[in-house]
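Student: In UniProt numbering, the protein residues as written are 1 to 131.
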Amino acid sequence: MFWHRRRGLKWLILYVLSKGTMTGAQIMDEIERTSYGMWRPSPGSVYPALDALESEGLIRISKVDGWKKYYELTEEGRKAIGVMSEEDKVKEAIEQLEFSARYIVENLEKLNDEDKRKVKNILDELSKVMR
Numbered sequence: 001m002f003w004h005r006r007r008g009l010k011w012l013i014l015y016v017l018s019k020g021t022m023t024g025a026q027i028m029d030e031i032e033r034t035s036y037g038m039w040r041p042s043p044g045s046v047y048p049a050l051d052a053l054e055s056e057g058l059i060r061i062s063k064v065d066g067w068k069k070y071y072e073l074t075e076e077g078r079k080a081i082g083v084m085s086e087e088d089k090v091k092e093a094i095e096q097l098e099f100s101a102r103y104i105v106e107n108l109e110k111l112n113d114e115d116k117r118k119v120k121n122i123l124d125e126l127s128k129v130m131r
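Laid out in structure tokens, this is it:
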């Protein structure tokens with residue numbers, strides 16, 4: 001799912017919230033973890049997406065603790081995640097792969113030998129199945 005597009009970010013937030021109730025900061029942390037540290041959405045993109053998802057009835061604020069708001073999926077939000085077609089899921093995965101590949105290429109000099117081996121193994125595996 002990717003992720004760096006507004007529509008993709010909303011789907012990603014729904015996916016992340018399917019794991020449980022989270023604050024906006026926890027959602028950003030989880031997205032960063034899910035993308036293996038390659039992307040951390042800014043508060044300026046996450047909070048408007050959360051507001052939109054809440055307006056659409058897909059998420060709700062389940063708890064307020066001081067200045068922290070905890071978000072959770074509504075029943076409609078749970079349904080929306082299941083509604084995504086397999087074709088759309090594949091397209092999102094390809095977008096993620098493209099984004100990740102570009103990030104790796106731009107940061108190749110920062111990879112250690114183990115990470116370079118991992119990238120090579122992934123490329124070899126993709127090469128085999130794409131023949």
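For every residue, glycine included, the Cβ atom is placed at its ideal position computed from N, Cα and C.
All values reported here derive from a predicted model rather than from experimental measurement.
#1: Secondary structure at Met38, three-state DSSP: helix, strand or coil?
#2: Buried or exposed for Trp67, please, with buried defined as at least 16 other CB atoms from any protein chain shown within 10 angstroms of its CB.
#3: Taking the alpha carbon of Thr23 as the reference point, which residue from Ile61, Glu56, Leu97, Ser35 has its own alpha carbon closest?
#4: Kindly confirm or deny that the stretch 41 to 49 and the stretch 88 to 96 touch, where touching means at least three C-beta pairs closer than 8 Å.
#5: Over the uninterrupted beta strand (DSSP E) stretch that includes Arg131, give me the two end residues.
#6: So for Tyr15, helix, strand or coil by DSSP?
#7: Can you list, in chain order, the residues of its chain with a C-beta nearer than 6 Å to that of Lys63? Leave out the 5 residues immediately preceding and following it.
Tutor: So, from the listed chains and residues:
#1: Coil.
#2: Taking all protein chains shown into account, Trp67 has fewer than 16 neighbouring C-beta atoms within 10 Å of its C-beta and is therefore exposed.
#3: The candidate whose alpha carbon is nearest that of Thr23 is Ile61.
#4: Counting Cβ pairs under 8 Å, fewer than three are found: no touch.
#5: Premise fails: Arg131 is in no beta strand (DSSP E) and is neither H nor E.
#6: The DSSP-derived three-state label of Tyr15 is helix.
#7: Answer for Lys63: Tyr70, listed in chain order.
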